[in-house]
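In this text, residue positions in the sequence shown follow the numbering used here: the first is 49, and each later residue adds one.
Cβ coordinates follow ideal geometry from the N, Cα and C atoms, glycine included.
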Amino acid sequence: MKTFHPQFILSITTAFVVVAPMACDQSAPTPNKSATNSALPQGLFVTQEPAGATGVLKVRESAKAGDHVAMIGRIGGSENPFVSNRAVFTMVDVSVRTCLEMGDASHCPTPADYCCEDSTSLAKAMASVTIADKSGKPLLISLAADGSLKPLMWIAVEGTLQPTDGGAFIVNAEHIYKMPNDPLASKLK
């Protein structure tokens with residue numbers, strides 16, 4: 049039986065406290081899922097990798113709230129790494145291997161959850177990413193709706209590290225770059 053490290057529980061709780069109120073805002077209009085790309089900021093998806101982009105783990109070691117960061121990873125960390133009706137997702141450092149990379153995909157129906165990894169190590173290798181409006185709130189759209197982004201997609205994100213309480217690591221994305229020659233591209237659903 050797997051046990052969870054207290055820091056992992058604190059990180060997940062903090063992320064939930066930050067994201068849950070946004071998801072429970074009943075007064076917010078329902079996003080138009082078919083208009084996902086048009087609702088995203090112009091220039092969000094870029095054709096060049098952000099300068100100085102490095103893994104999530106390395107960025108987490110040195111970045112402070114308010115810092116401009118550029119990190120590389122895979123969309124994942126849970127069964128569904130996209131928050132429903134919000135422009136929020138999680139990503140994991142590329143050094144953390146998925147079941148697909150281990151050649152053992154048959155036992156794992158949802159490899160984006162990194163179920164083969166220790167939960168404490170996984171939490172330390174994760175970052176939450178938001179695409180926010182001018183007031184800093186996540187856009188009311190589903191990033192998974194149009195298929196532009198998919199679980200386990202290899203990406204680079206450039207943005208600003210958001211101040212949080214309790215150890216959550218949240219980046220307000222300004223640019224997203226889809227990494228070329230992704231070795232898992234043919235296996236992504």
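- Look at residue 219 here: in three-state DSSP terms it is strand.
- By the neighbour-count criterion, in which 16 or more other beta carbons inside 10 Å mark a residue as buried, residue 181 falls on the exposed side.
- Taken through DSSP and simplified to helix, strand or coil, residue 208 comes out as strand.
- Where residue 176 is concerned, the enclosing beta strand (DSSP E) starts and stops at 174 to 178.
- Sixteen is the threshold: when 16 or more other Cβ atoms of the shown chains lie within 10 Å of the Cβ of residue 172, as they do, the residue is buried.
- By the neighbour-count criterion, in which 16 or more other beta carbons inside 10 Å mark a residue as buried, residue 199 falls on the buried side.
- Residue burial is scored here from C-beta neighbours: residue 143 has fewer than 16 other C-beta atoms within 10 angstroms and is therefore classed as exposed.
- Residue 206 sits buried, since 16 or more C-beta atoms from the chains shown fall within 10 Å of its C-beta.
- If you look at residue 108, you'll find it in the alpha helix (DSSP H) that goes 104 to 110.
- The beta carbon of residue 179 sits closer than 6 Å to those of 135, 187, 221, all from its chain and outside the five residues before and after it, given in chain order.
- Assignment of residue 161 by DSSP, reduced to helix, strand and coil, places it in the helix class.
- CA-to-CA, the gap between residue 114 and residue 212 works out to about 10 Å.
- The C-beta separation of residue 130 from residue 92 comes to about 15 Å, leaving the pair out of contact by the 8 Å criterion.
- Assignment of residue 99 by DSSP, reduced to helix, strand and coil, places it in the coil class.
- By the CB criterion at 8 Å, residue 87 and residue 218 fall outside the cutoff.
- Cβ neighbours of residue 164 within its own chain (closer than 6 Å, five residues either side excluded): 147.
- Residue burial is scored here from C-beta neighbours: residue 138 has at least 16 other C-beta atoms within 10 angstroms and is therefore classed as buried.
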